[in-house]
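A.B. asks: Numbering (UniProt numbering), first residue to last: 1 to 350. Built from N, CA and C at the ideal position, the CB exists for glycine as well. Have a look at this one.
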C-alpha cells in the first residue's frame with residue numbers, strides 16, 4: 001500500500017476543512033470542529049501541545065488545560081501506553097451483575113439502604129478527606145503506573161485496599177499489589193490492558209497480596225512472571241479476597257454515592273480523549289481531540305461547584321505531578337465519557 005507523505009496529508013486535511021466550512025457555514029460549533037481537525041491531524045504530536053492547550057481553553061467552560069510534569073516532553077504515542085482498560089459493548093454491559101437501589105440485597109449494608117431510602121446523601125463528600133479514615137494509608141496515596149497500561153490493576157487494588165481498611169476500621173490497613181494482578185491474572189493482559197469482569201473474578205477467586213510482598217516492577221512496560229513467593233523470599237501466606245463484584249446501574253447514581261459513603265471508593269472506566277491529558281483543574285468535560293481508549297480510575301467522592309456544576313472526585317494513577325495533585329473532577333449526572341455506566345464495586349470477604 002502506498003503511504004501518503006505527512007505534508008501532503010496535512011495539506012489535504014486543511015483543504016478538506018475549508019470545503020467543509022463552506023458547506024456547513026461558520027457557526028461557532030462548526031469553527032470549533034474545524035480548529036480541532038486542523039490541530040489533531042499530526043501523526044504523533046506532543047501530549048502537551050501549546051496550540052492545542054490554547055484551543056481547549058478557548059472552548060472549555062468548566063475546566064482549565066495546562067502542562068504537567070508527568071507528560072512534559074512526551075509524545076501522544078507515549079501517553080497512549082497508559083490507557084489500558086477494555087471498555088465493554090452495550091451487550092456485554094447488559095450481562096454484568098447489577099446493583100441499584102431497587103435491587104439491594106445482602107451486598108448492601110443497612111447504612112446504604114437508609115441513605116438511599118431517606119434521600120440522606122450530602123451535597124458533597126470526599127472519602128479521602130473523611131476523618132474517620134485518617135489511618136487508611138492507601139486512601140490518601142496517589143500512585144504511578146508509569147509506562148504500563150496497568151490502570152485496571154491499580155484502580156482495583158486501590159479500591160480493595162481502601163475497602164478492607166474502612167470495613168475493618170483500620171485493622172486491615174494494607175497497600176495491595178497491582179503487580180500481583182499484572183503478573184498473575186492470566187485472563188487479562190498485563191501492561192497491554194485488562195477488563196473489569198475478569199479482573200474482579202481474579203480478586204474473588206485468587207485474591208490479592210500486599211504491595212510489600214510483591215512491589216510494582218512493571219513501570220518500564222516489562223511484565224515479570226507470576227511469583228511463587230514474596231520478593232524477599234518469604235512465603236505468600238495472606239491473600240485478600242472479595243465478593244459480590246457488581247456494575248452499578250447507570251440510571252441510579254444514588255447507589256454509587258451511598259456505596260462510597262458507607263463502604264469506601266468505587267472504581268470506574270471512561271473514554272479518554274486527547275484533551276484529557278492536558279487537564280489541570282476544574283470539572284472536566286470533553287471538548288477537543290480524538291478518542292484514545294479506555295482508562296480505569298478510582299472514584300472517591302462528589303461535589304458541586306459554586307456555579308452549580310456537579311462533579312465526581314477521582315483519583316488517577318499518573319502520580320501527583322498530573323492534574324490537581326493526582327486527582328481530577330469530571331462532570332456528574334450526564335454519563336460524561338461513559339464514566340457512569342462503567343462504575344463497579346466489590347465487597348471485602350471478611
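Quick one: what does DSSP say residue 404 is sitting in, helix, strand or coil?
C.D. replies: The structure shown does not extend to residue 404, since the chain is modelled only from 1 to 350, so the question has no answer here.
A.B. asks: By Cβ distance below 7 angstroms, which residues in the same chain neighbour residue 216 in space, the five residues on each side in sequence not counted?
C.D. replies: Closer than 7 angstroms at Cβ, skipping near neighbours: 178, 179.
A.B. asks: Across the region 129–144 and the region 319–330, are there enough close Cβ pairs to call them in contact, namely three or more that are closer than 8 angstroms?
C.D. replies: With the cut-off at 8 angstroms, the region 129–144 and the region 319–330 touch.
A.B. asks: Nearest CA to the CA of residue 344: which residue from 213, 258, 135?
C.D. replies: The residue with the shortest Cα to Cα distance from residue 344 is 258.
A.B. asks: According to DSSP, is residue 30 part of a helix, a strand, or is it coil?
C.D. replies: A caution first: residue 30 carries a pLDDT of 49, below 50, which makes its placement in the model too unreliable to give a value.
A.B. asks: Give me whichever residues DSSP pairs with residue 238 in a beta bridge.
C.D. replies: The partner list for residue 238 (beta bridge, DSSP) is empty, contrary to what the question assumes.
A.B. asks: Measuring only the C-alpha atoms, how far is residue 301 from residue 308?
C.D. replies: Straight-line Cα distance between these residues: approximately 16 angstroms.
A.B. asks: By the three-class DSSP mapping on this structure, what secondary structure does residue 202 have?
C.D. replies: If DSSP states are grouped into helix, strand and coil, residue 202 belongs with the helices.
A.B. asks: Using 8 angstroms as the threshold, is the C-beta distance between residue 79 and residue 47 below it?
C.D. replies: Yes, they are a contact pair.
A.B. asks: Taking 8 angstroms as the cut-off, decide whether the C-beta atoms of residue 289 and residue 274 are in contact.
C.D. replies: Cβ distance < 8 angstroms, so residue 289 and residue 274 count as in contact.
A.B. asks: Counting along the chain, where does the alpha helix (DSSP H) carrying residue 163 start and finish?
C.D. replies: Residue 163 -> alpha helix (DSSP H) spans 151–167.
A.B. asks: Need the endpoints of the beta strand (DSSP E) that residue 182 sits in, please.
C.D. replies: No beta strand (DSSP E) contains residue 182, which is instead part of the alpha helix (DSSP H) from 178–184.
A.B. asks: Could you pull the start and end residues of the beta strand (DSSP E) that residue 298 belongs to?
C.D. replies: First-last of the beta strand (DSSP E) with residue 298: 291–304.
A.B. asks: With distances taken from CA atoms, which of 149, 138, 225, 53 is nearest residue 165?
C.D. replies: Of the listed residues, the one whose Cα sits closest to residue 165 is 138.
A.B. asks: Quick one: residues in its chain with C-beta nearer than 7 angstroms to the C-beta of residue 229, no 5 flanking neighbours on either side, listed in chain order?
C.D. replies: 235, 236.
A.B. asks: Ignore the nearest five residues each way along the sequence and tell me which others in residue 272's own chain have a CB closer than 8 angstroms to its CB.
C.D. replies: Closer than 8 angstroms at Cβ, skipping near neighbours: 83, 291, 292, 293, 294, 295, 337.
A.B. asks: Rounded to whole angstroms, what is the Cα-Cα separation between residue 98 and residue 51?
C.D. replies: In a straight line, the C-alpha of residue 98 is about 43 angstroms away from that of residue 51.
A.B. asks: Rounded to a whole number of angstroms, what is the C-alpha to C-alpha distance between residue 287 and residue 150?
C.D. replies: Spanning the two alpha carbons is a distance of roughly 26 angstroms.
A.B. asks: Kindly indicate which three-state DSSP category residue 331 falls into: helix, strand or coil?
C.D. replies: DSSP places residue 331 in strand when its eight states are reduced to three.
A.B. asks: From residue 248 to residue 340, what distance separates their C-alpha atoms?
C.D. replies: Cα to Cα, residue 248 sits roughly 8 angstroms from residue 340.
A.B. asks: Would you call the CB atoms of residue 342 and residue 264 closer than 8 angstroms?
C.D. replies: The answer is no: Cβ separation not under 8 angstroms.
A.B. asks: What are the start and end residues of each continuous beta strand (DSSP E) run of 3 or more residues lying completely inside the region 220–281, in chain order?
C.D. replies: Correct list: 242–248, 266–273.
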